[in-house]
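S.K.: Numbering (the UniProt record's numbering), first residue to last: 1 to 264.
C-beta atoms are modelled at their ideal positions from N, C-alpha and C, and glycine is treated no differently.
Please find one structure pasted underneath; my questions will follow.
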Amino acid sequence: MAGRGAIEVTEQHQAHGLSARGVTGADRGARLGADTPVRDLPQATVTRLATYLRVLGLMADDGALIVSSEELATAAGVGSAMLRKDLSFLGPNGVRGVGYDVSRLRARIEAALGLDLGHRVVLVGVGSLGQALARYGGFGRRGFTMVGLFDRDPERIGGAVDDLVVRDVAELGSACRELGATIGVVATPDHSAQEVCDELVKAGLRCILSFASAPLEVPRHVEIRRVDLAVEMQVLSFHSARNAESDPDATGSTSTTNGSVAAP
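Have a look at this one:
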């Protein structure tokens, strides 16, 4: 097994397109529509599609039915040419001079990201961070259902976070199969993160999100993303210093970012 270091959000054994995640062209084409060309999506495009989906959700909540490429690009913090290129991977979407149907485009992006299939998530480590993640309401709205919480602390086992009871991590392997889990989240202390990751892999999970400060080792068939909050804050520090240097009098400005980490 071999892990790779990373900056910001880490992708270990990164799949190079949707077909690399075990999704066949026929399956993907069926969900996107028969008229949609099936092509692999570059990782950078996948990340931006997730941002477009978030923005479209906010627009839909505000009652928007149609959005222009310029409006969507500005809200997502990318250029309109980049947005149109990303969306071209999904096939015909917008109408020239009119824009994109918000509801239809959301459905297309959800299908491209596999969110129409739904995902069942188990979380290991129910400390402060784990409890915050477990209570985050945004997961359900985006196709992720939290189905299991696990910890090894006797004081936490048997307690509840909302409607989920915390189970002993010793049950993790059998519980993942019982719950039909598809994604595992590791929010444990660093010293036990690799052990937990190994158990998730043994249970058959192929997608893992880790909050450990160091990369975890996984087999080639497993995709793992690491969120390093300290690195993210260092990046923010850099932008803060740069902005202060370029415009020391700027206050109260609003910025839009297309970064790939959104803290709940």
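For the region 112-130 and the region 184-203, state whether three or more C-beta atom pairs, one from each stretch, are separated by less than 8 Å.
M.R.: yes
S.K.: Kindly indicate which residue of Ala44, Ser68, Arg120 has the alpha-carbon position closest to the one of Gly99.
M.R.: Ser68
S.K.: Would you report the Cα separation of Arg225 and Leu65, rounded to the nearest angstrom?
M.R.: 34 Å
S.K.: Kindly confirm or deny that the region 162-175 and the region 199-217 touch, where touching means at least three C-beta pairs closer than 8 Å.
M.R.: Yes, the region 162-175 touches the region 199-217.
S.K.: Less than 8 Å between the C-beta atoms of Ile208 and Val222, yes or no?
M.R.: It is a contact, given that the beta carbons lie within the stated cut-off.
S.K.: Nearest to Pro154 by CA position, among Val147, Phe144, Val166, is which residue?
M.R.: Val166
S.K.: If we ignore side chains and look at the alpha-carbon of each, how far apart do Gly158 and Val55 end up?
M.R.: 38 Å
S.K.: Would you decide whether Phe238 is buried or exposed? Buried here means 16 or more other CB atoms lie within 10 Å of its CB.
M.R.: exposed
S.K.: According to DSSP, is Asp168 part of a helix, a strand, or is it coil?
M.R.: strand
S.K.: Who are the Cβ neighbours of Pro37 in its own chain at under 7 Å, not counting the five residues just before and after it?
M.R.: Legend: pLDDT at Pro37 = 40, less than 50; position of this residue unreliable, value from coordinates given subsequently. If the five residues before and after Pro37 are omitted, its C-beta is found closer than 7 Å to the C-beta atoms of Gly91, all from its own chain and listed in chain order.
S.K.: So Leu149 and Val161 are supposed to be a Cβ contact under 8 Å. How far apart are they, rounded?
M.R.: 6 Å
S.K.: So Asp86 and Thr145 are supposed to be a Cβ contact under 8 Å. How far apart are they, rounded?
M.R.: The pair is not a contact, with the Cβ atoms about 27 Å apart (cut-off 8 Å).
S.K.: If we count the other Cβ atoms within 10 Å of its Cβ and call it buried at 16 or more, is Ala111 buried or exposed?
M.R.: buried
S.K.: Rounded to whole angstroms, what's the CA-CA distance from Leu41 to Thr51? Just pull it up for me.
M.R.: 15 Å
S.K.: Ala244 by DSSP, collapsed to three states: which one?
M.R.: For Ala244, the three-state secondary structure derived from DSSP is helix.
S.K.: Just to confirm my understanding: we take Val186, look at its own chain, exclude 5 residues before and 5 after, and list those with CB closer than 8 Å. What are they?
M.R.: Val124, Gly125, Ala193, Val196, Cys197, Leu200, Ile208, Leu209, Ser210, Phe211, Ala212, Leu216
S.K.: I think Val147 touches Arg106, with their Cβ atoms under 8 Å apart; what is that distance to the nearest whole Å?
M.R.: Rounded, the Cβ-Cβ distance is 24 Å, inconsistent with contact.
S.K.: Among Asp61, Ser103, Leu49, Gly57, which residue has its Cα nearest to the Cα of Ser88?
M.R.: If we check each option's Cα against that of Ser88, Leu49 comes out closest.
S.K.: In this structure, how does DSSP classify Gly118 when only helix, strand and coil are distinguished?
M.R.: coil
S.K.: Where DSSP assigns a beta bridge to Gly79, which residues make up the other side?
M.R.: The partner list for Gly79 (beta bridge, DSSP) is empty, contrary to what the question assumes.
S.K.: CB-CB under 8 Å to Asp116, same chain, minus the five flanking residues each way: which ones, in chain order?
M.R.: Arg31, Ala107, Glu110, Gly143
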